Amino acid sequence: MFDDKAILITGGTGSFGRKCAQILLERYAPRKIIIFSRDEYKQFEMGRIFSHEKYPNMRYFLGDVRDKERLYRAFHEVDYIIHAAALKQIPAAEYNPFEAVKTNILGAQNVINVAIDQKVKKVIALSTDKAANPVNLYGATKLCSDKLFIAGNAYVGRDHTIFSVVRYGNVVGSRGSVIPLFLRERAKGVLPITDPRMTRFWITLEQAVLFVLDCLERMVGGELFVPKLPSMNIMDLAAAIGPECQTKIIGIRPGEKLHELMITKDDARNTIEFKDYYVIKPDFRYFARRFQEEAGTPTPPDFEYDSLNNPWRLQPEELRELIQDL
-17 MFDDKAILIT GGTGSFGRKC AQILLERYAP RKIIIFSRDE YKQFEMGRIF
33 SHEKYPNMRY FLGDVRDKER LYRAFHEVDY IIHAAALKQI PAAEYNPFEA
83 VKTNILGAQN VINVAIDQKV KKVIALSTDK AANPVNLYGA TKLCSDKLFI
133 AGNAYVGRDH TIFSVVRYGN VVGSRGSVIP LFLRERAKGV LPITDPRMTR
183 FWITLEQAVL FVLDCLERMV GGELFVPKLP SMNIMDLAAA IGPECQTKII
233 GIRPGEKLHE LMITKDDARN TIEFKDYYVI KPDFRYFARR FQEEAGTPTP
283 PDFEYDSLNN PWRLQPEELR ELIQDL
């Protein structure tokens, strides 16, 4: 599917974009991979790893998803877009709410409109577990973004652009993750704990990329894909990383949840379960003909997918194996 295609990744210099570019280059023969981001230094650093000399199909475009005119140039003759650009830090979004809205909501709207105008075939947007029943501004902006991308299918008309969303949990080792923090702090012998009851879903960077690429191939437009993931209690996480360390309770941060939710009870009536993932279908009747329910199993009306009651628990030895390369 990705051979001889032009693939653009917004926010492509982040952890996801770098790993996605690596996998696309190793496993496929894309015509172009375009890294679209606003940080010239990160592009410079990424360009040293994936240089144009070694990978002549790599391109680096400076730009911001807030800038609609720049998106028109960048999306020209692009086949697929993976929208990873976002302001993701919860405290920063709480303190700078208008900036989060401009990037995460208005930027999403720009991506949708320009992708339709430039006749991009498929657009898949990355979401977060924090978008389900959000309690912080970051989650609220990502929920709004999710709704925009799903509804974007209704604006296409007879053109061929389709939009879908992928929602997953915390990425092991990503910037801002608690795991790199624990790895740094364990040398001091004390690990900071926000709340000992806290649980989170976990996914590796490679798993996230492969799931997104799989969904990009599978999507028919309008779906919200949710992978089945293990979850882990924060105290078990601390014990797995620094078994010899003490812990210090520092209190939960503003806008933070004790447990993360990926599928709400209200979404359950539109959710189909597959072996390794769930699909939340859109409410729009317009999209109904795209889905074949017999391909999966409808979830019970009171179904809820959260990190506390998730039966799949990540074991300490499994976590150690996942983080050994960090």
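Note that our numbering numbers the sequence shown so that position 182 is 164, with each residue one more than the last. C-beta atoms are modelled at their ideal positions from N, C-alpha and C, and glycine is treated no differently. Values in this document were obtained by computation on a predicted structure and should not be read as measured data.
Shortest Cα-Cα distance from F266 to any of L130, G(-1), P225 and I98 involves L130. Following the DSSP letters along the chain, one finds M244 inside the beta strand (DSSP E) bounded by residues L243 to I245.
Apart from sequence neighbours up to five positions away, the residues of its chain that approach M(-17) with a beta-carbon distance below 6 angstroms are E199, ordered along the chain. By the CB criterion at 9 angstroms, A222 and R302 fall inside the cutoff. DSSP places V148 in the strand class (E or B) of the three-state scheme. Under the three-state reduction of DSSP, P178 is assigned to coil, being neither helix nor strand. Collapsing the DSSP output to three states places N95 in a helix. Under the rule that a run must span 4 or more residues, the alpha helix (DSSP H) segments found entirely inside the stretch 103 to 134 read 119 to 134. At least 9 angstroms separates the beta-carbon of F43 from that of I94. In this structure the stretch 231 to 248 touches the stretch 109 to 122; the number of beta carbon pairs closer than 8 angstroms is three or more.
Separation of G151 and L211 (C-alpha to C-alpha, rounded to the nearest whole angstrom) is 8 angstroms.
By alpha-carbon distance to P280, the top candidate from L296, N292 and I262 is I262.
Less than 9 angstroms separates the beta-carbon of I87 from that of S127. Judged by DSSP in its simplified three-state form, E59 adopts coil rather than helix or strand. Segment contact: the stretch -12 to 3 against the stretch 47 to 67, three or more CB-CB distances shorter than 8 angstroms; contact assigned. Listed in chain order, the non-local C-beta contacts of P209 below 6 angstroms within the same chain comprise Y150, F193 and Y259, local neighbours out to five positions each way being set aside. Classified as exposed, D(-15) has fewer than 16 neighbouring CB atoms from the shown chains inside 10 Å of its CB. Beta-bridge annotation (DSSP): K14 is paired with A(-12).
Each of L304, K(-13) and G203 was checked against the Cα of A136, and the nearest Cα belongs to G203. For the pair A75 and R235, the Cα-to-Cα distance works out to about 13 angstroms. Rounded to whole angstroms, the Cβ separation of F164 and A220 is 6 angstroms, and the two are in contact under 8 angstroms. Under the 10 Å beta carbon count, R166 is surrounded by fewer than 16 other beta carbons and is classified as exposed.
Exclusion of the five residues before and after Q91 leaves L130 as the residues of its chain whose Cβ lies within less than 8 angstroms of its Cβ. By a beta-carbon distance limit of 8 angstroms, M214 does not contact R157. Their separation comes to about 19 angstroms. L206 carries a strand assignment under DSSP once its states are collapsed to helix, strand and coil. C197 has its alpha-carbon roughly 26 angstroms from the corresponding atom of R20.
Put simply, of Q306, Y62 and A122 the residue whose alpha carbon is nearest the alpha carbon of T143 is Y62. Membership of L44 in the beta strand (DSSP E) is indicated by the continuous run M40 to L44. Under the DSSP assignment, K1 falls in the alpha helix (DSSP H) whose first and last residues are S(-3) to R9. Residue pairing by DSSP places P280 opposite I254 in a beta bridge. Within its own chain, the residues whose Cβ lies closer than 8 angstroms to the Cβ of I98, once the five positions on either side in sequence are excluded, are G134, Y137, V138, D141 and T143, listed in chain order. F(-2) is the residue among A(-12), F(-2) and E286 whose C-alpha sits nearest the C-alpha of V154. In the structure shown, F183 falls within a strand segment according to DSSP collapsed to helix, strand and coil.
Non-local beta-carbon contacts of L6 in its own chain, meaning distances under 7 angstroms to residues more than five positions away in sequence, involve F(-16), I(-11), P12 and I15 in chain order.
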